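Undergrad: Have a look at the structure that comes next, please.
Number of protein chains: 2
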Amino acid sequence: MSVQALIDYTLHLGDNALVLGHRNSEWTGHGPILEQDIALSNIALDLIGQARNWYEYAARLINGGGGKEVTEDVLAYLRDSRDFRNCLLAEQTNGDWGKTVLRQFYFSAYQFYFYGALEHSRDKELAAIAEKSLKEVTYHLRWSSEWVIRLGDGTEESASRMQRAMDELWTYTGELFVPADYERKLSPAGIGVDLAAIRPLWEQRVREVLKAARLESGEGVWMQTGGKQGKHTEHLGYLLAEMQFLQRAYPGCEW
Amino acid sequence: MSVQALIDYTLHLGDNALVLGHRNSEWTGHGPILEQDIALSNIALDLIGQARNWYEYAARLINGGGGKEVTEDVLAYLRDSRDFRNCLLAEQTNGDWGKTVLRQFYFSAYQFYFYGALEHSRDKELAAIAEKSLKEVTYHLRWSSEWVIRLGDGTEESASRMQRAMDELWTYTGELFVPADYERKLSPAGIGVDLAAIRPLWEQRVREVLKAARLESGEGVWMQTGGKQGKHTEHLGYLLAEMQFLQRAYPGCEW
Chain A
92 MSVQALIDYT
102 LHLGDNALVL
112 GHRNSEWTGH
122 GPILEQDIAL
132 SNIALDLIGQ
142 ARNWYEYAAR
152 LINGGGGKEV
162 TEDVLAYLRD
172 SRDFRNCLLA
182 EQTNGDWGKT
192 VLRQFYFSAY
202 QFYFYGALEH
212 SRDKELAAIA
222 EKSLKEVTYH
232 LRWSSEWVIR
242 LGDGTEESAS
252 RMQRAMDELW
262 TYTGELFVPA
272 DYERKLSPAG
282 IGVDLAAIRP
292 LWEQRVREVL
302 KAARLESGEG
312 VWMQTGGKQG
322 KHTEHLGYLL
332 AEMQFLQRAY
342 PGCEW
Chain B
92 MSVQALIDYT
102 LHLGDNALVL
112 GHRNSEWTGH
122 GPILEQDIAL
132 SNIALDLIGQ
142 ARNWYEYAAR
152 LINGGGGKEV
162 TEDVLAYLRD
172 SRDFRNCLLA
182 EQTNGDWGKT
192 VLRQFYFSAY
202 QFYFYGALEH
212 SRDKELAAIA
222 EKSLKEVTYH
232 LRWSSEWVIR
242 LGDGTEESAS
252 RMQRAMDELW
262 TYTGELFVPA
272 DYERKLSPAG
282 IGVDLAAIRP
292 LWEQRVREVL
302 KAARLESGEG
312 VWMQTGGKQG
322 KHTEHLGYLL
332 AEMQFLQRAY
342 PGCEW
């Protein structure tokens, strides 16, 4: 097994969580109602907390190889867009509330089956973080499923907005199940997750929720890929510019 | 006892928590390090959650008097600056990390003694929310005290920044202990908090922490007042414009 592949894999998991967590945190103070503002902010914090766990592990792997000391903060704040390995889905802009909850639903369903498999990894660190995260993700999935159904099966306005959100986001769901090179390298060792195995579970869950929401899924669309390998949409650059400003303007700041 | 005074009192408590919570949430994704970004975001969520509890109670009191149905969201999102009764301290801008943690320290120390007294209120609703909030505030006070000491007793740069933060914020601490008219009306009934009684406790705590931080307190400065009575600094208007935009642009939106 290649240590570099394990590092890339761990960073990929951290980047997914950090980028989506940051997107969600953009809603804080802007949610439609206080209760849901708090709920989504809590999900954001869960994800940023998960990112921190992944980065801590990645930093340990990197430092184990000697060289300069890397921290979780260096990994979060001082890497460039092309070094981020998050799925394109995570970096898509918030749009309206419907697009945000749909993005969360697609992603939480993915994390749910992904972590459920990863908690059996032969790498005990990956397994432990996955197990801890799965508890949070289970709630995220329930929360976002309920919102998708509520809005899809809601008013004419809310249903048409959800349909538009689906049209915008569906093209980014395929990448979730296309293994990046570092994912392919880990599979034989029983460390990573077999994406082909969890794909039908994800599809089944999505079908069920969309059906309850009376929404038509966008099958057959061209699927965008690249994020996992560092090729991102323009949105990630803006997100990082905002998120990383402080640390780049004042390197090593303690403020 | 005047019900209107109790409503104003409860709104005052909600506004304190909401405005400071929103200020803190502006840091999400901008904290100096991931761990502390998460810590401050959690404090923001605690405060917004407290605000929600106060607003729910205020809404029940208002609706009990008949007339149109008011919700906690109406109270958070559809009142104007002059209807907000938060202390001026809560609305002060974030400045750098040092100013933010000092503002939190002053305010958490105030909430700590305030809630500690209010949990003995003869109004059981006020007492219950205070008791629940006190657990959170106890952590906020410890967290912010540690930061004030760390930065005050840190590098030359951090100490000078903390001293500047003190010069900026001290003038807003006096108002915490000047009773507004609705506070004076509640006192005889054993419902509100006797501010004169908790003031020496707050001062003692502040002295101790500032001493440990090797900072000089700004005694003898002119004290600003007015926030509790709806007279705010310009900062609150900008904060509300940002926080309330969505709900005002799309009244009653479910998005």
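So the protein sequences, as listed, match chains A and B.
One gets my numbering by counting positions in the first sequence from 1 and adding 91 to each.
One gets my numbering by counting positions in the second sequence from 1 and adding 91 to each.
Yeah, the Cβ is synthetic: ideal placement off N, Cα and C, and Gly gets one too.
Quick caveat, the model's predicted, so the values are computed rather than measured.
Mind checking whether B/Asp99 and B/Tyr273 have CB atoms under 7 Å apart?
TA: Yes.
Undergrad: Could you tell me whether the stretch 115-125 of chain A touches the stretch 156-169 of chain B, using the rule of 3 or more Cβ pairs below 8 Å?
TA: The answer is yes - the stretch 156-169 of chain B touches the stretch 115-125 of chain A, with three or more Cβ pairs under 8 Å.
Undergrad: Might you give, ordered along the chain, the residues of its own chain that have their beta carbon closer than 6 Å to the beta carbon of A/Phe336, omitting 5 neighbours on each side?
TA: Counting only Cβ-Cβ distances below 6 Å, and skipping sequence neighbours, we find nothing.
Undergrad: Looking at the secondary structure, which residues open and close the alpha helix (DSSP H) in which A/Ala304 lies?
TA: Premise fails: A/Ala304 is in no alpha helix (DSSP H) and is neither H nor E.
Undergrad: Just to confirm the assignment, what range does the alpha helix (DSSP H) spanning A/Tyr168 have?
TA: It spans Glu163 to Tyr168 - the alpha helix (DSSP H) in which A/Tyr168 sits, taken as one unbroken run.
Undergrad: Straight-line CA distance for A/His326 to A/Glu333?
TA: When rounded, the distance between both Cα atoms is 11 Å.
Undergrad: Answer yes or no: the CB of B/Asp174 versus the heavy atoms of the ligand FMN, is any distance below 6 Å?
TA: The ligand FMN is not part of the structure shown, which contains no ligands of any sort.
Undergrad: Are A/Leu209 and A/Val284 close, meaning C-beta to C-beta below 7 Å?
TA: Yes; because the gap between Cβ atoms is below 7 Å, this pair is in contact.
Undergrad: Could you compute how far the alpha carbon of A/Trp234 sits from the alpha carbon of B/Ser224?
TA: Taking the straight line joining both Cα atoms gives about 25 Å.
Undergrad: Can you check whether the CB of A/Leu136 is closer than 7 Å to the CB of B/Ser35?
TA: Past the edges of chain B, shown from 92 to 346, lies residue 35 of chain B, and the structure says nothing about it.
Undergrad: With DSSP collapsed to three states, give me the class of A/Ala271.
TA: Coil, per DSSP.
Undergrad: By alpha-carbon positions, which one of B/Leu301, B/Leu104 and B/Leu97 ends up nearest to B/Gln202?
TA: B/Gln202 has its Cα closest to that of B/Leu104, out of B/Leu301, B/Leu104 and B/Leu97.
Undergrad: Can you tell me the Cα-Cα spacing of A/Thr191 and A/Asn115, whole angstroms?
TA: The straight-line gap from Cα to Cα measures roughly 8 Å.
Undergrad: Between which two residues does the alpha helix (DSSP H) holding A/Gln183 run?
TA: Where A/Gln183 is concerned, there is no enclosing alpha helix (DSSP H), given that its DSSP letter is neither H nor E.
Undergrad: Is the CB of A/Asp99 under 7 Å away from at least one CB in chain B?
TA: No, its Cβ sits nowhere closer than 7 Å to a Cβ of chain B.
Undergrad: Listing by chain order, which chain B residues have their CB less than 8 Å from the CB of A/Asp164?
TA: Result: Ile124 and Leu125.
Undergrad: Does the Cβ of A/Gln95 have 16 or more other Cβ atoms within 10 Å, making it buried, or fewer, making it exposed?
TA: Counting Cβ neighbours within 10 Å, A/Gln95 comes out exposed, since fewer than 16 surround it.
Undergrad: What would DSSP say about B/Phe175, mapped onto helix, strand or coil?
TA: It is coil, neither helix nor strand.
Undergrad: Pull up the distance between the alpha-carbon of B/Phe205 and that of B/Leu260, whole angstroms please.
TA: The alpha-carbon atoms of B/Phe205 and B/Leu260 are separated by roughly 20 Å.
Undergrad: Compute the beta-carbon to beta-carbon distance between A/Leu193 and A/Ala256, rounded to the nearest angstrom, for a pair I have assumed lies under 8 Å.
TA: Their Cβ separation, rounded to whole angstroms, is 5 Å, which keeps A/Leu193 and A/Ala256 in contact under 8 Å.
Undergrad: Helix, strand or coil, according to DSSP, for A/Arg213 in the structure here?
TA: Correct three-state label for A/Arg213: coil.
Undergrad: Once the 5 residues before and after A/Gln195 are set aside, which same chain residues still bring their CB inside 6 Å of it?
TA: Within the same chain, A/Gln195 has close Cβ partners Ser235.
Undergrad: So which residues of chain B does A/Ala136 contact, with C-beta pairs closer than 9 Å?
TA: Looking at the sequence shown, residue 136 of chain A is not Ala but Leu. Result: Thr119, Ile129, Ser132, Asn133 and Leu136.
Undergrad: If you reduce the DSSP assignment to three classes, tell me which class B/Trp313 lands in.
TA: Looking at B/Trp313 - three-state DSSP - the assignment turns out to be coil, as it is neither helix nor strand.
Undergrad: So, at 6 Å on beta carbons, what are the nonlocal neighbours of A/Leu138 in its own chain, with the 5 sequence-adjacent residues on each side left out?
TA: Hits under 6 Å: Ala108, Leu111 and Gly112.
Undergrad: What is the DSSP secondary structure of A/Ile282, reduced to helix, strand or coil?
TA: Three-state DSSP puts A/Ile282 in coil, outside helix and strand.
Undergrad: Of all Cβ atoms in chain A, is any one closer than 7 Å to the Cβ of B/Arg143?
TA: Cβ-Cβ to chain A under 7 Å: yes for B/Arg143.
Undergrad: Got a sec: is the Cβ-Cβ distance from B/His103 to anything in chain A below 7 Å?
TA: It does not: the Cβ of B/His103 has no partner Cβ on chain A nearer than 7 Å.
Undergrad: Using the beta-carbon of each residue, which ones in chain A are nearer than 7 Å to B/Gly140?
TA: Here the neighbours are Ile129.
Undergrad: Tell me, please, whether the CB atom of A/Ala96 is closer than 7 Å to any CB atom in chain B?
TA: It does not: the Cβ of A/Ala96 has no partner Cβ on chain B nearer than 7 Å.
Undergrad: Rounded to a whole number of angstroms, what is the C-alpha to C-alpha distance between B/Gln254 and A/Arg173?
TA: Near 41 Å, if we compare the C-alpha coordinates of A/Arg173 and B/Gln254.
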